[in-house]
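One structure below.
Residue numbers (my numbering): 78 to 632.
In structure tokens:
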């Protein structure tokens with residue numbers, strides 16, 4: 078697939094259970110975009126396709142109205158055959174999930190920056206009546222300049238509004254879901270706050286608060302159990318930090334903070350009051366068992382005795398029944414909970430661990446124990462002298478060393494040599510980054526080495542807008558034309574019905590046609606859209622750093 082609609086596909090960015098995300102280019106204006114696709118026929122009946130398609134369009138348009146620097150902008154929503162897709166802002170940077178997995182523990186400054194920016198964006202969406210419902214590290218992206226961008230607002234809103242999924246179950250990521258969400262109850266912004274608190278817990282301890290071998294175990298813990306203490310997983314975390322996170326993880330929404338920003342501020346204040354604390358890398362908690370082990374009850378075993386078995390009856394030794402009762406209780410509670418909320422694990426869009434292969438019994442374990450010889454009451458065991466050491470004789474042969482297979486040389490793969498890429502900007506002094514890699518960054522004018530292929534270049538400079546370029550590197554050095562940085566201003570997202578209409582700003586005709594993204598200096602403008610002799614003029618106010626969305630329906 079090289080095109081989706083009018084968008085030219087550059088490369089695949091990721092793949093999920095219901096679709097693929099691509100990096101693409103809008104040829105009309107040369108803007109890089111991310112295309113998220115959902116193939117409706119893969120999971121839905123024909124009548125359900127129409128309902129999901131309508132909700133997809135309506136909810137994505139609603140999310141597209143969100144104008145906030147911390148939320149990925151939605152540009153377009155369309156359907157091509159059975160492929161529904163959303164064109165959205167392309168973010169030059171990794172996800173928080175990638176950062177947690179690859180970069181070790183996060184610094185305190187970065188933790189507060191990520192939590193604070195995410196909280197502000199979520200509160201903004203909540204004020205607009207939109208709840209994300211799938212906040213997780215994989216849906217939080219960090220741009221090259223450190224800006225947080227939340228993704229998947231439109232999709233999450235749809236799937237959670239009426240719990241519409243492949244087979245009628247809830248879609249999402251259970252480890253970060255609130256108790257009310259996993260039970261299928263009504264949710265508000267405090268549900269997103271719970272998810273944000275789960276992320277904070279993970280960034281501080283390196284562990285998720287709710288884990289388990291099976292989906293049902295995770296759900297049960299979210300609803301009925303308290304997570305392992307932060308201090309136990311990370312001894313550097315003091316009581317105030319524990320209290321702040323636990324309030325965000327309260328089982329009842331009324332027990333949480335009033336807003337996501339209030340939670341982020343309370344946690345930052347608690348951390349500031351605690352000296353010497355540090356975050357742990359994912360999976361690197363100190364002085365603590367795994368969460369699965371921590372959740373298990375501690376059982377004290379009685380002193381070992383030689384068991385006596387009554388061979389004349391079929392009665393089992395005492396103790397089996399009492400040990401089995403708690404197990405039955407746990408199974409009953411979990412089963413009842415799942416029946417209450419109508420859970421089905423199959424269609425969840427998550428990865429689960431494959432069950433381990435059953436342990437094979439050895440012959441020794443299968444063989445019955447030989448009965449010990451009977452001992453008379455008056456008979457005392459006779460002492461046995463220790464065995465004498467065996468003499469070493471000259472005839473003994475030395476032990477032959479274990480023979481090893483000779484090492485085979487694996488043929489090395491030839492890697493194409495990196496080529497210098499010369500970058501310049503106007504004005505100079507901007508930061509140029511290739512593919513969002515901090516190690517491939519320099520200050521313009523400068524040169525960076527990159528391997529042959531297609532690469533993405535981002536140019537950032539305080540006081541100017543971020544510029545993006547796609548660069549094809551071959552077998553020789555290249556020089557990218559000087560990138561002119563644009564002064565800060567506002568952005569106007571202009572669409573029309575029908576498409577392809579000409580655009581004039583304050584009477585001056587522009588080269589773009591609808592749909593188009595236009596950057597304008599702050600001020601009031603008259604926007605005229607015209608096609609086939611029909612035109613419409615509307616007035617818009619452009620503010621610095623803000624995005625305006627204008628849709629014109631021609632008469």
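Note that CB positions come from ideal geometry on N, CA and C, so glycine has one too.
Grab me the residues of residue i's own chain with a C-beta within less than 8 Å of its C-beta, minus the 5 sequence neighbours each way, in chain order.
i, result
"residue 577", "590, 591, 608"
"residue 279", "177, 214, 285, 286, 359"
"residue 320", "347"
"residue 522", "499, 500, 501, 502, 505"
"residue 224", "146, 147, 194"
"residue 563", "541, 542, 544, 596"
"residue 583", "602, 603"
"residue 102", "84, 85, 87, 108, 109, 110, 547"
"residue 381", "Note that residue 381 has pLDDT 40, beneath the 50 cutoff, so the model's placement of it is unreliable and the number below is only indicative. Once the five neighbours on either side are set aside, residue 381 has no close Cβ partner at all."
Since residue i sits in a beta bridge, which residues does DSSP pair it with?
i, result
"residue 638", "Lying outside 78 to 632, the shown extent of the chain, residue 638 is not represented and no answer is given."
"residue 585", "582"
"residue 337", "Note: residue 337 sits in no beta bridge, so no partner."
"residue 556", "499"
"residue 600", "619"
"residue 293", "DSSP lists no partner for residue 293."
"residue 78", "None; residue 78 has no bridge partner."
"residue 590", "579"
"residue 537", "508"
"residue 62", "Residue 62 is absent from the model: the chain starts at 78 and stops at 632."
"residue 561", "503"
Can you name, in chain order, every residue of its own chain whose Cβ lies under 6 Å from the Cβ of residue i, other than the five neighbours on each side?
i, result
"residue 526", "495, 497"
"residue 634", "Only positions 78 to 632 of the chain appear in this structure, which leaves residue 634 out of reach."
"residue 615", "604"
"residue 289", "295"
"residue 259", "296, 299"
"residue 134", "154"
Residue i by DSSP, collapsed to three states: which one?
i, result
"residue 349", "helix"
"residue 449", "With a pLDDT of 44 at residue 449, under the threshold of 50, the modelled position of that residue is not reliable, and the figure given next carries that caveat. In this structure, residue 449 counts as coil in the three-state DSSP scheme."
"residue 528", "coil"
"residue 145", "coil"
"residue 109", "strand"
"residue 280", "helix"
"residue 640", "Here the chain covers residues 78 to 632 and nothing more, so residue 640 does not appear."
"residue 98", "strand"
"residue 196", "helix"
"residue 103", "strand"
"residue 608", "strand"
"residue 613", "strand"
"residue 116", "strand"
"residue 264", "coil"
"residue 299", "helix"
"residue 641", "The structure shown does not extend to residue 641, since the chain spans only 78 to 632, so no value can be given for it."
"residue 632", "coil"
Take residue i and list the residues in its own chain whose beta-carbon comes closer than 7 Å to its own, dropping the five residues that flank it on each side.
i, result
"residue 338", "196, 197, 200"
"residue 518", "508, 509, 510"
"residue 188", "280, 356"
"residue 142", "626"
"residue 267", "330, 333"
"residue 530", "550"
"residue 89", "97, 99"
Where do the ends of the beta strand (DSSP E) carrying residue i lie?
i, result
"residue 165", "160-166"
"residue 207", "Neither: residue 207 is in no beta strand (DSSP E) and is coded neither H nor E."
"residue 225", "225-227"
"residue 84", "84-92"
"residue 218", "217-219"
"residue 509", "508-511"
"residue 518", "518-520"
Can you tell me where the alpha helix (DSSP H) with residue i in it begins and where it stops?
i, result
"residue 549", "Segment 544-550 is the beta strand (DSSP E) holding residue 549; no alpha helix (DSSP H) there."
"residue 325", "316-325"
"residue 153", "Not the alpha helix (DSSP H): residue 153 falls in the beta strand (DSSP E), residues 151-157."
"residue 179", "173-179"
"residue 70", "In the structure as shown, the chain begins at 78 and stops at 632. Residue 70 is therefore absent and cannot be evaluated."
Is any beta-carbon of chain B found at less than 9 Å from that of residue i?
i, result
"residue 263", "Of the protein chains in the structure, only one exists, and it is not chain B."
Inter-stretch contact (C-beta, 8 Å, three-pair minimum) for the region 107-119 and the region 180-194:
no
Is it the case that the region 343-354 contacts the region 302-322, given that we only count it when at least three CB pairs across the two stretches are under 8 Å? yes
Mind the definition here: the region 151-168 touches the region 288-308 only if three or more C-beta pairs lie below 8 Å; say whether that holds.
no
Inspect the CB distances between the region 554-573 and the region 595-611 and report whether three or more fall short of 8 Å.
yes
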